Amino acid sequence: MSDTKIPHGGYAARQPGHHPVALYPPYRTSVKRSPQAAPLSFPTSIGEESGPVFGHDLLGPLDADLLHNFAQDGASAIGPRIIVHGKVRDQFDRPVSGALIEVWQANAGGRYRHKKEGYIAPLDPNFGGCGRTITREDGSYEFRTVLPGPYPWPNGPNDWRPAHIHFSLFGAGFAQRLITQMYFEGDPLIWRCPIVGSIGDKSAVERLIAPLDMNRTVPMDARAYEFNITLRGRRQTMFENRMEGL
Amino acid sequence: MRDLPETASQTAGPYVHIGCTPNFAGITGVYDEDLGARMITGDVSGERITLTGQIFDGTGTPLRDAMVEAWQADAGGLYAGQDGADPHFTGFGRCACDQDSGAFTFETVKPGATSWPQGGMQAPHITLWIVARGINLGLHTRVYFPGDPALEADPVLGRIEHRVRVQTLIAEAEKDGAYRFNIHLQGPDETVFFDV
């Protein structure tokens, strides 16, 4: 895409129907942490349309390799080896390049490396659970990790989170800031999860479920899952529409 | 032009620190430094300030597991990346709330006024973005500064229908260069959050 086509209008308004509701009582923590007043809308300005820029020099050589970035020399994390890849685009189907993606997850047994974590499953001494990468010119990204395990959590009497990887994304503008979770195709826990259930639109949930991708699977090494992400986009201005028509 | 649905948000959960501030979480040796740990990187222009606060739930209990990000203009009113912006200021801060008190703190500079697309200026402000367990979509709010004559004409504050709520966006001056901004997720003092 040439620079002349990059629009300079504001970000299109967020559509609440694509997102979870703030108050979803089956997810009990949301009850006392959800704002009750309607959020206030305003057209985006420079502060929402700009954002921090992170260059590739931020990244260390193992940042996108969770199998090894916390492991002792010569060791690697325990669990099913996977590649997660996909593209980040905006809502108008333009690739988002230079987007910082940060991920975090439980180990293969469903245990997080965190002092507030109390699950009896053991830590893996060679797995930290964090990684990051920056999208390429075409919006693509990938990282390697282990398939995280499902785990029980204190909500209802017997709630289990489906296996998931947390994603944090920075686009070009702070208005695009997004944190979400990726789920895995075929996991029966997805539709039982109250955190997933906070999203009312079934198709919005389905877009969080990454399918197995045999084309990118590396024989005798790692299976691949594809997770594409759509961020908000900037509208073209009327002025630019006219210019394009000339 | 195609209009694709934005990917749905999900809560950052209780372990957001693992991915966003791993050094804070005790996961060391992966990244040299947590992202957004320093907003000032050199001989910065303008007035240095400390912004601190807590985030309270509907029972009045501070959140101890939240993460807050700050994004702001430099002292001249320019954002990092704009021509002429201060090279010693990133404009971006990230803070994991203290695991006992729930306090967040940013060492920064007082921002300058910024432009508004429909003309005029916005009063100096810092955007905050709050994520935590129980928050399903990250919350945007703004910190303004007390006693600033520019508050009167600020186009965003001017949109707040219930004028009594304007006060929820104005920091409290504690002493020279130290400001407190408490955030209330619910209740009579509920902070104004933005759908930007």
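Those protein sequences? They're chains Y and S, same order as listed. So for the first sequence, this note's numbering puts the first residue at 1; every next one is plus one. So for the second sequence, this note's numbering puts the first residue at 1001; every next one is plus one. Cβ atoms here follow ideal geometry from the backbone N, Cα and C, with glycine treated the same way. Values in this document were obtained by computation on a predicted structure and should not be read as measured data.
- The three-state reading of DSSP puts Y/PRO20 in strand, counting E and B together.
- The beta carbon of S/GLN1054 does not come within 8 Å of any beta carbon belonging to chain Y, so the residue lies off that interface.
- Y/ASP90 sits in a strand when the DSSP states are folded into three classes.
- Among the CB atoms of chain S, none fall inside 8 Å of the CB of Y/GLY109.
- At a cut-off of 8 Å between C-beta atoms, Y/VAL218 does not count as an interface residue with respect to chain S.
- Straight-line spacing of the CA atoms in Y/ILE83 and S/GLY1081 works out to 33 Å.
- Looking at the backbone, the Cα of S/GLU1033 and that of Y/ALA222 are separated by about 30 Å.
- Contact between S/PRO1005 and Y/THR44 does not hold, since their C-beta atoms are separated by about 19 Å, which reaches or exceeds 8 Å.
- Within a 10 Å sphere around the beta-carbon of Y/GLU102 sit 16 or more other beta-carbons, which makes this residue buried.
- Contact check for S/ALA1096 against S/HIS1017 passes: the beta carbons are separated by less than 8 Å.
- Below the 8 Å Cβ cutoff, chain S contributes TYR1015, ILE1018 as neighbours of Y/TYR112, in chain order.
- In this structure, DSSP gives S/ALA1070 an extended state, which the three-state scheme calls strand.
- Residue burial is scored here from C-beta neighbours: Y/GLN181 has at least 16 other C-beta atoms within 10 angstroms and is therefore classed as buried.
- DSSP links Y/LEU212 through a beta bridge to Y/TYR225.
- When the Cα atoms are used, S/GLY1119 and Y/ASP65 turn out to be separated by approximately 47 Å.
- Y/ASN155 and Y/VAL31 have their C-alpha atoms roughly 12 Å apart.
- Below the 8 Å Cβ cutoff, chain S contributes no neighbours of Y/HIS85, its closest Cβ being approximately 15 Å away.
- A contact between stretches requires three or more CB pairs, one per stretch, nearer than 8 Å, and the stretch 188–198 of chain Y fails this requirement with the stretch 104–115 of chain Y.
- Beta bridge pairing from DSSP links S/ALA1096 with S/MET1067.
- Identification of chain Y residues near S/PRO1005 by a Cβ-Cβ cut-off of 8 Å yields GLN15, HIS18, GLN91, SER203, ALA204, ARG207, THR230, ordered along the chain.
- For chain S, the residues of the stretch 129–159 of chain Y that bring a beta carbon within less than 7 Å of one of its beta carbons are GLY129, CYS130, in chain order.
- In this structure the stretch 144–160 of chain Y lies against the stretch 71–90 of chain Y, because at least three pairs of beta carbons, one per stretch, are closer than 8 Å.
- In the structure shown, Y/GLN36 falls within a coil segment according to DSSP collapsed to helix, strand and coil.
- CA-to-CA, the gap between Y/HIS85 and S/VAL1166 works out to about 44 Å.
- When only Cα atoms are considered, Y/TYR183 and Y/ARG113 end up about 20 Å apart.
- Counting C-beta pairs with one atom in each stretch, the stretch 1171–1187 of chain S and the stretch 1056–1068 of chain S have three or more that are closer than 8 Å, which means they touch.
- Within 8 Å of the CB of Y/PHE70, the CB atoms of chain S belong to ILE1027, GLY1029, VAL1030, in sequence order along the chain.
- Residues PRO1111, ARG1142, VAL1143, TYR1144 of the same chain have their beta carbon placed closer than 7 Å to that of S/HIS1125, with the five preceding and five following residues left out of the count.
- Between the stretch 11–24 of chain Y and the stretch 197–209 of chain Y, the count of C-beta pairs closer than 8 Å reaches three or more; the two stretches touch.
- Apart from the 5 residues on each side of it in sequence, S/GLN1054 sits with its Cβ closer than 6 Å to the Cβ of PRO1062, GLY1102, ALA1103, ASN1182 in its chain, given in chain order.
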